[in-house]
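In what follows, a single structure is set out as structure tokens and then discussed.
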Amino acid sequence: MAARPAPVPLPDSGFPHLKSRVIERTGHFYYQDKDDLLWERVRKRLRARGLSDSSAYLALLDDPISGPAEWGKLEAEITIGETFFFRYAEQFAALRETILPEIIARKAATRRLRIWSAGCSTGAEPYSLAILANEILGGNLGTWRVSIVGTDINDSFLKAARQAQFGKWALRSMPEEQRQRYFTDAGKEQWEVRREFRSLVRFERHNLLSLLDGTSPLELTDFDLILCRNVLIYFHPDTVTRIVGALRDRLDEDGWMLLGHAEPNPVFATMMQALSLPGTVAYRRGAGDAPLPMPAPLQPKTTLQEWKPLLPEPKPEASVQRIALPRLPKAPQKPSAFPAPQKTGNLLGDIRARADAGDFAAAADLCRMALIAEPLNAVLHFYQGLVLRALRRSDEAEKSFLKSLYLDRSFAMAHYHLGLLLLAEGRSAPGRRSLNHAAQSVAALADDHLLDEGDGVTAKDLRDLIRMHLDAPMPSKRKA
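Be aware that the sequence shown starts at 1, since it is given in full-length UniProt numbering, and climbs by one per residue.
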């Protein structure tokens, strides 16, 4: 039996003052009622610096010589950088079909395109935008001045972004053909963004609160498009409204803004014109009070018509959660009394290939075939659950996850995806229980322990994701 982790000591008397300073500096109101989570991360820095308490650590932060660097390390510790390429496929579809073509058509005279990815984490979002702009402009790219800036408060994220190397987890929404097209193999299961896309992007450190006190750089202005997704959840609601207003003021006339699916606010529609696009809402700054016309989708004259982000997302009104199919392993073979048309291992690969291509109905059929041969295979039931959820067949997906867990109670990723499904259905209590079961399954594991069927997810990654999902506001669909 695995040893239980030692209890985390309670915060010391200097912690409230430190917490107040952290929130004041970063705007991370997210931690206002999460002392345990913030204290856990502060303790890592206390141990790293050999300090005994919060007061000593605050004195270090106030030191004019060592303080700025230590603030950067603390800020890196308290921000979560879970991201991947073409995250939120419906928003990227809107960018591809409507938003970027409209901007490019409107800016044909100046041939200038400026994009800001605010809160860019390790760079997947701005590099995704660079790939998209390259595909849309095609052979005309060289005649355009394309500038994409990614900003973040976390120095370690920015360092990783500039290196432009990503593992399988960040590329999980991308089929092999696209991976070869946009990346070079850097070895050790790392992929590097190709130079033609990297050249369009630069990264800068930036605190969104500086937009409110007048210290934000003046060059961060006149943008045709601003994306600020999954950043605003950290801030106080009043601060969120002010930040969105400040971002609007940094848009060029008729510029566009995309916010996270989990960050809707009716007030935003009073600041900008809200446009309902398939699967998402976009905001647009217009001159005067006259409503802007809805732009017609434009078909760029490039090979982009054959390109699309992988895996359509659940509708935002149903859930803010996302489905990511992990890379399928080769399952061990077991004898079966039922003949199967193919070996199960081959079917597993076919299931993944069909799902990656968006053909979830075919993937579901293959799951049924594989389960005829191996009805007690927990991994197969898990993948069947993922595929059925992608088909919006939530009740059947729930049963598949439960079967997987009946066969393997310690299956952390099955607990996790069952929890996401239940929360998406508005069943908060059982959903939270499932996520807590997932957390318990990995509680005793080392931070860098790779999880089965996680496609590179470590125990620490899963714990951080679970905290974010438990703390995020959930839409109410039906009661448990």
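Glycine included, every Cβ here is placed at the ideal spot set by N, Cα and C.
Could you tell me the alpha carbon to alpha carbon distance between residue i and residue j, rounded to whole angstroms?
{"i": "Lys403", "j": "His381", "result": "6 Å"}
{"i": "Leu212", "j": "Val146", "result": "27 Å"}
{"i": "Lys460", "j": "Asp447", "result": "5 Å"}
{"i": "Asp224", "j": "Val244", "result": "15 Å"}
{"i": "Ala37", "j": "Ala390", "result": "A small correction: the amino acid at residue 37 is Leu; Ala does not occupy that position in the sequence shown. Taking the straight line from one Cα to the other gives about 32 Å."}
{"i": "Arg393", "j": "Ala69", "result": "50 Å"}
{"i": "Met413", "j": "Arg250", "result": "41 Å"}
{"i": "Leu462", "j": "Ala439", "result": "8 Å"}
{"i": "Arg100", "j": "Arg162", "result": "One detail in the question is off: residue 100 reads as Leu in this sequence, not Arg. Each residue's Cα considered, the two are about 24 Å apart."}
{"i": "Ala76", "j": "Arg45", "result": "11 Å"}
{"i": "Ala274", "j": "Tyr406", "result": "46 Å"}
{"i": "Arg195", "j": "Asp53", "result": "46 Å"}
{"i": "Ala269", "j": "Glu219", "result": "26 Å"}
{"i": "Trp116", "j": "Ile226", "result": "5 Å"}
{"i": "Lys168", "j": "Ala186", "result": "12 Å"}
{"i": "Met369", "j": "His415", "result": "24 Å"}
{"i": "Asp471", "j": "Asn140", "result": "45 Å"}
{"i": "Gln299", "j": "Ala282", "result": "Here Gln299 scores only 44 on pLDDT, less than 50, and its place in the model is too uncertain to base an answer on."}
{"i": "Val457", "j": "Thr110", "result": "44 Å"}
{"i": "His236", "j": "Pro375", "result": "49 Å"}
{"i": "Gly67", "j": "Leu58", "result": "9 Å"}
{"i": "Leu277", "j": "Thr98", "result": "8 Å"}
{"i": "Leu445", "j": "Leu451", "result": "10 Å"}
{"i": "Asp395", "j": "Phe360", "result": "16 Å"}
So residue i is in the beta strand (DSSP E); what residue range does that whole segment cover?
{"i": "Leu227", "result": "Phe223 to Cys228"}
{"i": "Leu113", "result": "Arg112 to Ala118"}
{"i": "Thr122", "result": "Thr122 -> no beta strand (DSSP E), and no H or E assigned at all."}
{"i": "Arg21", "result": "No beta strand (DSSP E) holds Arg21; the alpha helix (DSSP H) holding it covers Phe15 to Thr26."}
{"i": "Val281", "result": "Thr280 to Arg284"}
How about residue i and residue j: do their beta carbons lie closer than 9 Å?
{"i": "Gln91", "j": "Leu258", "result": "yes"}
{"i": "Ala130", "j": "Phe197", "result": "yes"}
{"i": "Arg387", "j": "Glu453", "result": "Position check: residue 387 holds Val in this sequence, whereas Arg was assumed. Not in contact: Val387 and Glu453 (Cβ atoms no closer than 9 Å)."}
{"i": "Phe183", "j": "Phe203", "result": "no"}
{"i": "Ser156", "j": "Lys73", "result": "yes"}
{"i": "Ala108", "j": "Thr280", "result": "no"}
{"i": "residue 556", "j": "Gly385", "result": "Beyond the ends of the chain as shown, which are 1 and 480, falls residue 556; an answer cannot be given."}
{"i": "Gly150", "j": "Val201", "result": "yes"}
{"i": "Pro11", "j": "Asp35", "result": "yes"}
{"i": "Asn154", "j": "Thr79", "result": "yes"}
{"i": "Arg354", "j": "Leu371", "result": "no"}
{"i": "Arg284", "j": "Trp256", "result": "yes"}
{"i": "Val42", "j": "Leu60", "result": "no"}
Give me the residue from the options with the minimum Cα distance to residue i.
{"i": "Ser434", "options": "Phe401, Leu451 and His449", "result": "Phe401"}
{"i": "Ala362", "options": "Asp350, Met271, Ala429 and Leu51", "result": "Asp350"}
{"i": "Asp254", "options": "Ser156, Gly187 and Ile104", "result": "Ile104"}
{"i": "His28", "options": "Leu227, Leu209 and Arg467", "result": "Leu209"}
{"i": "Gln180", "options": "Val193, Tyr31 and Ala170", "result": "Val193"}
{"i": "Ala246", "options": "Tyr416, Met271 and Ile153", "result": "Met271"}
{"i": "Leu171", "options": "Val42, Gly123, Ala370 and Leu376", "result": "Gly123"}
{"i": "Leu158", "options": "Glu189, Arg205, Gly187 and Glu176", "result": "Arg205"}
{"i": "Arg112", "options": "Ala186, Glu125, Ile23 and Thr143", "result": "Thr143"}
{"i": "Ala364", "options": "Arg106, Val281, Glu374 and Tyr383", "result": "Tyr383"}
{"i": "Asn436", "options": "Glu125, Glu24 and Asp464", "result": "Asp464"}
{"i": "Leu420", "options": "Leu95, Ile78 and Ala397", "result": "Ala397"}
{"i": "Leu15", "options": "Val267, Ala56 and Leu451", "result": "Correcting the residue type first, residue 15 is Phe in the shown sequence and not Leu. Out of Val267, Ala56 and Leu451, Ala56 has the C-alpha closest to the C-alpha of Phe15."}
{"i": "Val240", "options": "Ile466, Arg432, Thr26 and Asp12", "result": "Thr26"}
{"i": "Asp152", "options": "Cys120, Gln32 and Lys34", "result": "Cys120"}
{"i": "Ile136", "options": "Tyr127, Cys367, Ala373 and Arg96", "result": "Arg96"}
{"i": "Tyr88", "options": "Asn377, Trp71, Glu125 and Arg248", "result": "Glu125"}
{"i": "Pro175", "options": "Ile148, Arg106, Ser428 and Phe85", "result": "Phe85"}
{"i": "Gln190", "options": "Val267, Ala160 and Arg114", "result": "Ala160"}
Following the continuous alpha helix (DSSP H) through residue i, name the residue where it begins and the one where it ends.
{"i": "Ala59", "result": "Ser54 to Leu61"}
{"i": "Ala378", "result": "Ala378 to Ala390"}
{"i": "Tyr31", "result": "Here Tyr31 belongs to no alpha helix (DSSP H), and DSSP marks it neither H nor E."}
{"i": "Ala370", "result": "Phe360 to Ala373"}
{"i": "Asp36", "result": "Asp35 to Arg49"}
{"i": "Ala397", "result": "Ser394 to Leu407"}
{"i": "Leu462", "result": "Ala459 to Asp471"}
Does the ligand FAD have even one heavy atom less than 8 Å from the beta-carbon of residue i?
{"i": "Gly260", "result": "Inclusion of the ligand FAD in the displayed structure is not the case, the ligand content being empty and no account of it being possible."}
Using beta carbons (cut-off 9 Å, strictly below), is residue i in contact with chain B?
{"i": "Arg96", "result": "Here chain B cannot be found, since the structure has a single protein chain."}
**Whole runs of the beta strand (DSSP E) within the stretch 204 to 278, excluding any shorter than 3 residues** = 223 to 228, 251 to 259 and 273 to 277
**Prompt:** Counting only runs that start and end within the stretch 139 to 196, where is the beta strand (DSSP E) found for 3 or more residues in a row?
**Reply:** 145 to 152, 183 to 187 and 190 to 193
**Runs of alpha helix (DSSP H) lying entirely within the stretch 72 to 99, each at least 4 residues, in chain order** = 89 to 94
**Prompt:** What are the complete alpha helix (DSSP H) segments, minimum 4 residues, inside the stretch 412 to 456?
**Reply:** 412 to 424 and 428 to 442
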